[in-house]
Each structure stands twice: as C-alpha cells, then as structure tokens.
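A.B. asks: Protein chains in written order, with this note's numbering: chain C, 1 to 182; chain W, 1 to 182; chain F, 1 to 182; chain P, 1 to 182; chain Y, 1 to 182; chain V, 1 to 182.
6 protein chains.
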Amino acid sequence: MFSIELDEGVRLFALEPHHAQEFHAHIDRGREFIGRHVGFPDRATDTASARRLLEDFARRAAADTGRMYGIRADGVLVGGVLFPSFDARNGTCEIGCWVEPAAAGRGLVTRACRVLIDWAFHERGMRRVEWHADSANEKSLAVAARLGMTREGVLRENYLHRGQVQDTEIWSVLAREWPART
Amino acid sequence: MFSIELDEGVRLFALEPHHAQEFHAHIDRGREFIGRHVGFPDRATDTASARRLLEDFARRAAADTGRMYGIRADGVLVGGVLFPSFDARNGTCEIGCWVEPAAAGRGLVTRACRVLIDWAFHERGMRRVEWHADSANEKSLAVAARLGMTREGVLRENYLHRGQVQDTEIWSVLAREWPART
Amino acid sequence: MFSIELDEGVRLFALEPHHAQEFHAHIDRGREFIGRHVGFPDRATDTASARRLLEDFARRAAADTGRMYGIRADGVLVGGVLFPSFDARNGTCEIGCWVEPAAAGRGLVTRACRVLIDWAFHERGMRRVEWHADSANEKSLAVAARLGMTREGVLRENYLHRGQVQDTEIWSVLAREWPART
Amino acid sequence: MFSIELDEGVRLFALEPHHAQEFHAHIDRGREFIGRHVGFPDRATDTASARRLLEDFARRAAADTGRMYGIRADGVLVGGVLFPSFDARNGTCEIGCWVEPAAAGRGLVTRACRVLIDWAFHERGMRRVEWHADSANEKSLAVAARLGMTREGVLRENYLHRGQVQDTEIWSVLAREWPART
Amino acid sequence: MFSIELDEGVRLFALEPHHAQEFHAHIDRGREFIGRHVGFPDRATDTASARRLLEDFARRAAADTGRMYGIRADGVLVGGVLFPSFDARNGTCEIGCWVEPAAAGRGLVTRACRVLIDWAFHERGMRRVEWHADSANEKSLAVAARLGMTREGVLRENYLHRGQVQDTEIWSVLAREWPART
Amino acid sequence: MFSIELDEGVRLFALEPHHAQEFHAHIDRGREFIGRHVGFPDRATDTASARRLLEDFARRAAADTGRMYGIRADGVLVGGVLFPSFDARNGTCEIGCWVEPAAAGRGLVTRACRVLIDWAFHERGMRRVEWHADSANEKSLAVAARLGMTREGVLRENYLHRGQVQDTEIWSVLAREWPART
C-alpha cells in the first residue's frame with residue numbers, strides 16, 4: 001500500500017510474507033553476489049523458506065525489534081534495507097542493506113538507508129544507528145562512509161559464513177551528527 | 001516512515017504500538033462519538049491498554065489477518081481505517097473506519113477506505129471486501145453506499161455493545177465491481 | 001461417556017481426538033457427498049490429519065469458542081453437528097451439520113441441531129444462533145428452514161471451495177423465537 | 001448438554017469453565033470438609049481462581065490427560081469425580097472424588113466413580129485405574145474398597161497439605177478385574 | 001564446566017543438549033541392555049532425537065521439575081542418573097539410573113545416586129526421594145536396597161514397555177533416614 | 001550439586017531460580033556498587049523479580065544462549081560471572097562479571113572468568129569471547145586486560161543506564177590466543 005520514491009521508477013516498501021515468491025526470485029538472481037558477505041540468502045532457498053524468513057521479520061516488526069524493506073526498480077525487486085536489530089528503549093539500532101548485481105552502483109541502497117536513518121532519528125527518537133560489515137566487503141564499508149558514519153572498531157574473527165571466518169567492522173552515526181529534517 | 005496523502009495536510013499511515021500515546025489521546029477525544037457504535041474505544045482506556053490493542057493488531061498484521069491505519073490531519077491523529085479481518089487464502093476481508101468529531105464530514109475516511117480497497121483488490125488479489133455496521137449508524141451506512149457497496153442483509157440482534165443489542169448490516173463490494181487501477 | 005438418544009439406536013456425543021480413526025473412516029465414506037459444499041473433509045485425509053482437526057476443536061471447546069459432536073447410528077459414526085464459532089460474551093454462535101449419504105433423509109441432523117440450540121439458549125444464555133450455507137446447498141437451507149430460522153441475507157462470492165466460489169446464505173434464530181424448555 | 005443419571009434427581013456432567021460461579025459456590029460450602037485431605041479447594045478461593053482451575057482441566061481434557069466432572073443433586077452442584085491424570089498411551093489413569101457434607105453418605109461418588117471406570121475400561125481400553133488417598137482419609141479408602149480396588153502400598157510422607165505431611169495409600173483395579181459391560 | 005569425581009577417572013556431570021552426539025553413541029552401545037526395563041533409549045534413536053530428549057530435560061531443569069546427569073569413565077559416557085520428576089514445593093522427587101554393560105557392576109550408579117540424594121536432602125530441603133523399578137529388574141531393586149530405601153508397594157500392570165506390561169515397585173528414603181552431611 | 005574452588009573457601013556454581021532469595025540479598029548489599037555500570041541489579045528489586053531474572057537465565061541456559069554463575073566466599077554469595085550471550089553455531093560469546101564491594105579486589109571474578117573462558121574454548125569449541133564494558137568502568141576494563149584481551153573499539157553512546165548514556169568498549173580474546181589446557 002505504502003511506498004517511497006527513491007529515484008525515478010524506484011520505490012522503497014515494507015517487505016512482508018505475502019512477497020515470498022517475489023523475494024525468493026530476487027534472492028535467487030542475486031544469491032552468489034549478495035551471499036558473498038551476508039548470511040540470509042542461504043536461509044531463503046525456496047518460496048517456503050523465503051516466507052519463513054519474511055515471517056520472522058514480520059514478527060520482529062510487530063515487536064518493534066527489527067524490520068525489513070524492499071527496493072523495486074521498474075517493478076522488479078532488486079534489493080533492500082533492514083534493521084537487523086532495533087532497541088527503542090535503549091535508543092539504538094543496526095541497519096544493513098543488500099542489492100542484486102543488476103541494480104548495484106546506482107546509489108539506491110544509500111538512499112534507502114538515509115530514509116531508514118531519518119525515520120530512526122526523527123520519528124523514533126533513536127540516539128545511535130550502527131552498521132556492521134565484513135571488513136573485506138568494500139562496497140558495504142563505502143556505503144557506511146557515504147552515510148557519514150564513523151568507524152568504531154573491528155571485531156576479530158566475529159562471523160562464520162560459509163565456512164570462512166570474517167572480521168566485522170562496526171561503524172555508527174549518532175542523532176546529533178545527522179542533518180536536521182528539512 | 002510511509003504515508004499516503006489523502007487530502008491537503010491529511011495522511012494515512014500504519015498505526016503501530018509505538019503510537020500508543022498519540023492513539024490513546026485521540027481515542028479519549030473521540031470516545032463518546034466513536035464509541036457510540038463500535039467497541040474498540042472501550043478497550044483503550046489508557047496508554048497501556050491502547051498499546052495492547054495496537055500490539056494485537058501488529059501481531060495480526062504480521063500474520064496477515066488484520067491491519068489498522070491512522071489518519072493524521074495537520075499532524076493530529078483524527079481517525080482511522082482497519083481490516084478487522086483479512087483472509088488472503090479465501091480472498092475475503094472486512095474493512096471499517098472511525099473518526100473523531102472534529103474531522104468528521106470531510107470525506108477523509110471514505111478516501112482512506114478507497115486506498116485500502118484498492119490495495120486489497122489490486123495488490124493482494126482479494127475477491128470480496130465486506131462492511132459491517134450497526135443498522136442505526138447512518139454515517140457508517142452512508143460510507144458503504146458512497147463506496148459503491150451492495151447491502152446484502154441484516155443480522156438481527158448480532159452485537160452487544162454497552163448493554164445494548166445492535167442489528168448488523170452487511171454490505172460488500174466485489175473485485176469485479178471495483179474500478180480498474182488508473 | 002455421555003450421549004443423548006436422538007432416535008432409536010441413534011446417539012449424539014462429543015467428538016474428541018481419540019475418535020480420530022472412526023472419524024476418518026466416516027469422512028472417507030462421505031467425502032464426496034459431504035465435501036461438496038463444506039471444507040473440513042478436505043482437511044481430514046488420513047487418521048493423523050483427522051486427529052489434528054479434532055484436536056483443534058478440542059482446544060476450541062476448552063476455550064469455549066467452538067465444539068464438535070458426532071452422531072452414531074447403530075454404533076456407526078454417520079454425521080455430526082458443530083459450533084464453528086461460539087462467543088459467550090456476545091451471546092452469539094453459529095451451528096452447522098454434516099451427514100454421510102447412508103444416513104441422510106432421516107432428520108437426524110435436524111434433531112441434533114435442536115439439541116445444540118436448546119443448550120445454547122437454555123443452558124448457556126445465548127441470544128442468537130446463526131446458520132451459514134452455500135446458497136446452492138438446498139438440503140442445508142432446508143434444515144435451517146425446518147429449525148424455524150429466518151433468512152437474513154446472502155453474502156456474494158463469500159467462500160472459495162475446491163476452486164469454486166460460493167454465495168453464502170445467513171439464517172438465524174433468536175432466543176425469543178425459540179420454544180421454551182418443556 | 002450431556003449428563004448421566006446417578007440416582008433420582010442426581011446427575012453427572014462434565015465441569016467446564018462456564019460453571020465457575022456454581023463451582024466456586026459449591027467449594028465454598030464444602031471447603032472445610034473437602035479441603036481436609038485434598039488440595040484443590042485451596043486453589044479455588046473466588047470465581048476467577050475457580051475458573052482458572054476449571055480452565056486448567058479443560059485444557060487437560062482437550063489433551064486427553066485429565067478430566068473433571070460434577071454431580072448435581074436436585075439442581076445443586078454437591079461434588080464431583082475426576083481423572084487427575086490420564087495416560088491413554090500407557091493405559092493407566094488415576095481417579096478421585098470429592099463431595100460436600102450435605103450430600104455425603106448417599107453413595108453418589110461411588111456410583112460416579114463406577115461410570116468413570118466403566119468408560120476408562122470399556123470405551124478407552126485402559127488397563128489400570130489408580131486411587132490415591134491420604135491414609136487418614138477413611139471415607140476415601142472406603143470408596144476404593146467398595147469399588148473392588150486392591151491396596152498396593154503406602155507412600156510415606158508423600159504429600160504436604162496445609163503444613164501437614166500425609167502418607168498416601170495407592171489402590172488400583174485392573175481391567176481384567178472389572179465386570180464386563182452388561 | 002562442573003563435575004564431581006565418583007571414582008578414579010569417573011566423573012558425574014550435568015547432561016546438556018550439546019552432548020547429543022556423545023549421548024546417542026552411548027545409548028546405541030547400551031540400547032539392548034539399558035532398554036530392557038526403561039523407555040528412554042527408544043526415544044533416542046539418532047543424534048536429533050537424542051538432542052530433543054536432552055532439550056526436554058534442559059527445559060525441565062530450567063523449570064526445576066527434572067534433571068539428567070551423565071557419568072563418564074575414562075572420558076567415555078557410560079551411564080547416568082536422573083530426576084524424572086522433582087516437586088520442590090511438595091518436597092518430593094524421584095531418582096533413577098542407567099548404565100551400559102561395560103560399566104556395570106562397579107557401583108558407579110549407586111555412588112552417583114548418593115550425590116543426587118545428598119543434594120536433594122541437604123541443599124534443596126526435600127523430604128522424600130522415590131525409586132520406581134520394574135519388579136523384574138533385580139539390579140535396579142538392588143540399588144534401591146543399597147541406598148537404604150524402603151519398599152513401599154507394587155503397582156500392578158503399571159507400565160507398558162515394548163509391548164510388555166511391567167509391575168512397578170516403589171521404594172523411598174526419607175530425609176530423616178538419610179545420614180547427615182559429614 | 002556442582003561447584004569449582006576458585007580460592008580457599010571460594011566456590012563458583014551455576015545460579016538457578018531456587019537461589020532467588022540469596023541472590024536478591026546479595027544484589028541488595030551490592031546494588032549501589034554493582035549497579036553503577038550495569039543494568040541487571042535494577043531488575044532484581046525483590047525476591048520475585050530476582051527469581052524472574054534467574055528464570056530468564058535458566059531458560060537461556062536450556063537453550064544454550066546464555067548462562068549465569070555465582071561466587072560464594074565463606075558460604076556467602078558475593079558476585080558472579082555470566083555469558084550474556086552465547087552463539088554455539090557461530091562460535092562466539094560474551095562474558096561479564098559483577099562483585100559486591102566486600103569481595104572486590106581479591107581477583108575472584110578474574111579467576112571465575114578464566115574458568116568460563118576455558119570451558120568456552122576447550123569444552124565448547126568457541127572461537128571468540130567478547131567483553132563489553134562502560135568505558136568509564138576502569139575496574140571492568142582492568143579485568144579484560146588481565147585476561148589478556150585485546151581492545152577492539154568503542155561504541156559511542158551505546159548504552160542508556162539510569163538516564164546516562166555510556167560509551168561501550170569491546171574487547172575480546174580468541175581461541176588461538178588462549179593458553180592450551182594444562
């Protein structure tokens with residue numbers, strides 16, 4: 001029902017369980033590229049498992065502890081942004097993103113992240129938004145930098161993905177560092 | 001994050017548990033007027049019970065069995081529309097609405113209902129949208145008529161509200177009767 | 001343990017999960033006939049799924065929101081009656097019935113329905129008992145008429161069953177219309 | 001809906017949550033007498049807690065792990081019988097009883113127990129029905145003896161009730177010892 | 001993390017879900033011997049079902065209603081002891097044991113039982129510890145006797161195991177009969 | 001039942017719900033000192049809330065996602081160590097500690113942490129153990145340093161406690177950095 005225009009023909013919307021088929025088709029197209037650094041594509045291997053993943057986020061949205069959004073370009077789901085965690089009482093959350101190769105390089109996820117961070121700071125009164133990325137994922141680190149985030153540290157050997165251990169960089173931006181709503 | 005403009009300065013958005021305080025204040029202003037025919041204002045008597053009501057709908061949204069939306073006019077929550085039930089497998093749902101007196105008579109809920117029915121038919125592939133109203137609630141019946149719905153029957157002595165028994169009119173509109181998306 | 005004689009050699013009793021095998025055998029015999037208009041035979045395709053259906057009703061009986069009863073003629077389960085919904089707080093419920101062909105035409109379900117309606121009005125203080133039927137199910141409509149119910153309306157394209165859309169007639173009888181207990 | 005006549009004007013029926021008020025009034029009348037040896041009266045101190053106790057048994061009935069029945073004499077609830085445990089897979093269960101003073105000494109609970117044991121053996125195929133009683137509860141032990149049960153042992157210091165420790169006698173009757181259904 | 005030395009090279013420790021593989025291998029070695037009289041080996045037929053059994057006990061430990069412990073001799077899991085039931089409010093519990101053939105006859109389970117009974121009486125303030133055994137299981141009855149327990153009775157035809165019905169002996173020891181902590 | 005000696009008269013053991021009264025008394029003595037930097041003392045304000053906190057950890061222990069241990073010196077609970085999170089699949093966990101003033105400065109929590117880290121690395125095969133501390137909590141940072149951990153970064157404005165915002169330092173030690181078991 002609701003969406004926000006990110007660019008001409010590109011819209012951000014809340015991903016829900018009834019998008020399972022579309023979501024699975026998108027993940028299938030991008031599995032190799034998206035799954036290189038992050039884990040959730042490996043949890044969505046068919047429509048049923050894609051639906052379970054979206055249902056998991058639907059329950060977290062209902063509990064205000066996580067949310068997932070999709071990006072459609074010319075009517076095709078090409079990527080998304082998410083709050084993997086959201087702690088309204090403490091005032092902190094994490095955001096993340098993914099995109100399939102065909103839509104990479106257009107700045108779509110950066111714009112989508114700005115929408116989420118705006119909402120977190122201006123509508124929800126959050127104090128801190130975090131970014132976690134594989135230290136070998138240069139594109140993800142570049143998004144954090146473009147968002148004006150500060151690099152706070154590197155968690156060594158923090159994440160096991162497809163049998164490989166990743167270091168995780170943590171970046172963040174604080175409410176007082178984020179531009180006021182215009 | 002998301003909203004749709006219904007009229008100048010009037011926006012429709014998904015009501016969530018974090019709106020509990022704003023929702024309770026609105027219900028308090030409209031309790032006498034809104035609660036005359038429908039039951040939920042009596043369940044939202046303070047911020048905590050308002051939050052429980054919104055949490056109930058958040059869980060139903062996550063399960064795709066019900067949803068609740070608010071209408072803000074000039075930044076103030078003045079009413080809303082909802083799917084009290086939603087059965088995607090069967091292709092049927094019910095919609096309803098409420099408004100506080102200060103915002104009544106401007107056609108806001110009718111417009112909001114059109115947005116929901118459009119979504120039900122065009123995005124979710126529903127076949128039938130129902131309307132239930134106290135047969136003494138002329139304003140509610142007028143909305144159903146304005147939406148082009150058909151009166152299908154009257155359930156006698158169907159609903160007990162504040163110690164009084166109401167007859168319930170059932171109206172509906174079918175997908176094949178609804179204008180194509182322009 | 002408990003049963004009520006409906007006719008010579010015919011008894012009404014509460015169906016429970018431990019009747020799963022007998023229930024499944026009965027549904028299997030009547031699947032074609034019973035399943036023409038109603039959905040539950042398609043949910044009971046073996047003893048395990050029959051048990052799940054009965055367990056679902058057992059939980060609803062425990063919560064006082066639904067109940068299911070069987071009819072045995074000469075020791076064989078041949079049909080039943082049920083409360084698909086029961087709202088004690090609001091004073092309303094729905095009843096329904098089914099029968100396999102071998103036992104049809106003897107008025108057994110009508111008698112069983114009378115027992116349930118008596119209980120709903122006289123022991124539980126309900127105000128309204130509803131009947132929902134496919135408008136093409138003449139036998140079901142005839143039972144409603146025999147029970148002295150009033151036809152209140154037709155919900156168009158209300159129920160999707162085996163790929164076909166049914167209109168649903170709603171009939172009801174009110175406590176004040178039902179004969180006093182003799 | 002269902003009941004069985006135990007004696008003239010005396011009927012056995014399934015106790016359910018909607019009997020909470022009647023059940024609480026009965027327990028209140030018999031609290032001193034019934035509660036001398038058994039614990040549940042102390043859990044039903046008002047209508048709400050009586051309802052919770054009945055809801056607990058309703059869930060156990062739905063799961064086929066316990067059941068509770070009432071005895072009404074001349075329309076007044078005066079006692080009951082129960083399966084505190086029921087293990088259909090293993091073929092064993094326990095039964096128990098209680099009665100308020102006004103109805104004691106008429107053999108009502110013994111008759112009610114026979115109905116339950118008949119059902120356990122003849123309809124449910126159980127192999128063994130147990131009886132647990134405070135070794136100081138002569139009336140309860142007498143019921144076990146009248147039912148033809150065998151005393152199997154005494155569990156020393158087995159049950160803490162109102163600050164006192166009771167020894168518990170265990171009696172039982174086996175299916176092969178119980179009269180065939182006539 | 002924690003363990004207690006029972007004998008040279010023999011230690012008692014809390015069995016947890018992460019021991020599923022080791023537990024299953026042990027049960028497999030002892031299935032014929034252990035499963036002759038008790039039921040749980042038949043529930044642990046592969047690592048997944050072994051894990052579910054341990055998870056069940058982990059939840060019961062968290063709820064303080066049951067616990068399971070393993071015995072490792074020279075680093076190999078060879079048997080264990082358990083509280084199949086534990087009722088802290090009432091002050092009573094049951095203990096049991098099992099051992100694979102290679103480790104039988106060394107008194108390990110008797111020592112392990114003493115540790116559990118010590119804990120039950122001295123740290124948890126229990127009043128009564130029970131022992132249940134198949135009356136044909138001479139080794140189990142001998143352990144009860146060695147622990148100084150008293151034989152209280154025999155439950156006839158009490159337990160169905162692998163299609164055979166067992167009589168169950170109940171033994172117990174009371175806190176006042178147990179040696180003071182030295 | 002189980003414990004490990006940390007020093008003469010000082011033992012480490014698993015904290016469980018049945019320790020609620022002892023735990024609450026300890027927290028009460030140390031509330032001002034312990035609660036300066038960490039949040040859980042504010043959740044244990046009486047025996048009932050202390051029990052709920054311990055029950056929460058008992059469920060997390062059963063699910064292998066967190067654990068809590070106490071330290072008794074001369075029979076008095078004076079502090080503890082915990083795994084606030086534990087992810088066996090990913091091979092990472094966090095540890096933490098607390099101590100009441102009377103027992104501070106003796107190195108007890110450092111020793112207890114070593115026991116937990118040993119277990120995590122040597123028995124559970126974890127790869128990384130984390131430490132989170134308020135950057136103003138010099139004593140906590142000193143423990144991390146004494147454990148040979150590496151400071152990996154500072155999360156700015158990360159934790160809201162008693163109305164104040166804390167920066168959080170993250171330290172860690174990896175399995176390959178930890179001494180082999182002797």
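Note that the Cβ used here is the ideal one computed from N, Cα and C, for glycine as well.
Measuring CA to CA, which of Y:107, Y:125, Y:119 is closest to residue 140 of chain Y?
C.D. replies: Of the candidates Y:107, Y:125, Y:119, the one whose C-alpha sits nearest the C-alpha of residue 140 of chain Y is Y:107.
A.B. asks: For the region 75-99 of chain W, which residues have a CB atom closer than 8 Å to at least one CB atom of chain C, in sequence order?
C.D. replies: Against chain C - using a Cβ distance shorter than 8 Å - the residues of the region 75-99 of chain W are 88.
A.B. asks: Report the three-state DSSP secondary structure of residue 37 of chain W (helix, strand or coil).
C.D. replies: Residue 37 of chain W: coil per DSSP, three-state reduction.
A.B. asks: Measuring alpha carbon to alpha carbon, tell me which residue in C:168, C:157, C:3 is nearest residue 75 of chain C.
C.D. replies: Closest by alpha carbon: C:3.
A.B. asks: Can the beta-carbon of residue 71 of chain C be found closer than 8 Å to that of residue 12 of chain C?
C.D. replies: In this structure, residue 12 of chain C lies closer than 8 Å to residue 71 of chain C by Cβ.
A.B. asks: Which one of P:164, P:94, P:98 has the shortest CA to CA distance from residue 174 of chain P?
C.D. replies: The shortest Cα separation from residue 174 of chain P among P:164, P:94, P:98 belongs to P:94.
A.B. asks: Short of 6 Å in beta carbon distance, which residues of its chain neighbour residue 155 of chain P, apart from the five on each side in sequence? Order them along the chain.
C.D. replies: Excluding positions up to five away in sequence, the list reads 168.
A.B. asks: Distance, Cα to Cα, residue 60 of chain F vs residue 138 of chain P?
C.D. replies: Taking the straight line from one Cα to the other gives about 40 Å.
A.B. asks: Cβ atoms of residue 92 of chain F and residue 68 of chain F: under 8 Å apart, would you say?
C.D. replies: For residue 68 of chain F and residue 92 of chain F, no; Cβs fall outside 8 Å.
A.B. asks: Thinking C-alpha only, which one of C:77, C:66, C:30 is nearest residue 88 of chain C?
C.D. replies: Of the listed residues, the one whose Cα sits closest to residue 88 of chain C is C:66.
A.B. asks: Return the chain-ordered ranges of every alpha helix (DSSP H) run that is complete within the region 90-159 of chain Y and spans a minimum of 4 residues.
C.D. replies: List check, alpha helix (DSSP H) in window: 108-118, 138-146.
A.B. asks: Within the same chain, show all residues whose beta-carbon is closer than 7 Å to that of residue 39 of chain F, passing over the 5 residues directly before and after it, in chain order.
C.D. replies: Counting only Cβ-Cβ distances below 7 Å, and skipping sequence neighbours, we find 161.
A.B. asks: Can you tell me whether DSSP reads residue 16 of chain V as helix, strand or coil?
C.D. replies: Residue 16 of chain V falls in the coil class under three-state DSSP.
A.B. asks: Under 8 Å between C-beta atoms, does residue 32 of chain C make it to chain V?
C.D. replies: No, because no Cβ of chain V sits closer than 8 Å to the Cβ of residue 32 of chain C.
A.B. asks: Going by DSSP in three states, residue 80 of chain F sits in which element: helix, strand or coil?
C.D. replies: Three-state result, residue 80 of chain F: strand.
A.B. asks: Just to make sure I have the definition right: I need the residues of chain Y whose C-beta is within less than 7 Å of the C-beta of residue 170 of chain P. Which are they?
C.D. replies: Those are 153, 155, listed as they occur along chain Y.
A.B. asks: Between the region 6-20 of chain F and chain P, which residues of the former have a C-beta closer than 8 Å to a C-beta of the latter?
C.D. replies: Hits within the stretch, in order: 13, 14, 16, 17, 18.
A.B. asks: Might you give, ordered along the chain, the residues of its own chain that have their beta carbon closer than 7 Å to the beta carbon of residue 42 of chain W, omitting 5 neighbours on each side?
C.D. replies: Hits under 7 Å: 35.
A.B. asks: Any Cβ of chain P within less than 8 Å of the Cβ of residue 165 of chain Y?
C.D. replies: Closer than 8 Å to some Cβ of chain P, the Cβ of residue 165 of chain Y qualifies, so yes.
A.B. asks: Should residue 16 of chain Y go down as buried or exposed, given a rule of 16 or more other Cβ atoms within 10 Å for buried?
C.D. replies: Burial call: buried.
A.B. asks: Where does the unbroken beta strand (DSSP E) through residue 56 of chain W begin, and where does it stop?
C.D. replies: Here residue 56 of chain W belongs to no beta strand (DSSP E); instead the alpha helix (DSSP H) covers 47-62.
A.B. asks: By the DSSP assignment, the beta strand (DSSP E) with residue 167 of chain F in it spans what residues?
C.D. replies: Its beta strand (DSSP E) spans residues 164-174.
A.B. asks: Should residue 159 of chain C be flagged as near chain V, meaning a C-beta pair shorter than 8 Å?
C.D. replies: By this cut-off, residue 159 of chain C is an interface position.
A.B. asks: Helix, strand or coil for residue 74 of chain Y per DSSP?
C.D. replies: Of the three classes helix, strand and coil, the one that applies to residue 74 of chain Y here is coil, per DSSP.
A.B. asks: Please determine, among F:50, F:90, F:8, F:10, the residue with the shortest C-alpha to C-alpha distance to residue 163 of chain W.
C.D. replies: Looking at the Cα atoms, F:90 is the closest of the given residues.
A.B. asks: Decide if residue 96 of chain C is buried, meaning its Cβ has at least 16 other Cβ atoms within 10 Å, or exposed.
C.D. replies: Buried, by the Cβ-count rule.
A.B. asks: For residue 52 of chain F, decide whether its Cβ has a neighbour in chain W, counting only Cβ atoms nearer than 8 Å.
C.D. replies: No, no contact with chain W.
A.B. asks: Is residue 181 of chain W helix, strand or coil when you go by DSSP?
C.D. replies: Here residue 181 of chain W sits in coil by DSSP.
A.B. asks: Would you mind sorting residue 48 of chain W into buried or exposed? The rule is 16 or more other CB atoms within 10 Å of its CB.
C.D. replies: Exposed.
A.B. asks: Alpha carbon to alpha carbon, what distance is there between residue 179 of chain C and residue 109 of chain W?
C.D. replies: One C-alpha to the other measures close to 35 Å.
A.B. asks: Look at the alpha carbon of residue 25 of chain P and the alpha carbon of residue 98 of chain P, and state the distance between them as a whole number of angstroms.
C.D. replies: The straight-line gap from Cα to Cα measures roughly 15 Å.
A.B. asks: In whole angstroms, what is the alpha-carbon distance linking residue 118 of chain C and residue 148 of chain C?
C.D. replies: Looking at the two C-alpha atoms, the distance is approximately 13 Å.
A.B. asks: Counting only C-beta atoms, is residue 22 of chain V closer than 8 Å to chain Y at any point?
C.D. replies: Taking Cβ atoms only, chain Y never reaches closer than 8 Å to residue 22 of chain V, which makes this a no.
A.B. asks: Tell me which residues share the same chain as residue 29 of chain V and place their Cβ nearer than 6 Å to its Cβ, disregarding the 5 neighbours each side in the sequence.
C.D. replies: Closer than 6 Å at the Cβ level, and outside the excluded window around residue 29 of chain V, lie 100.
A.B. asks: Using the Cα positions of residue 32 of chain C and residue 104 of chain C, report the straight-line distance between them to the nearest angstrom.
C.D. replies: Each residue's alpha carbon lies about 14 Å from the other.
A.B. asks: Who does residue 4 of chain V pair with in a DSSP beta bridge?
C.D. replies: V:12, per the DSSP bridge assignment.
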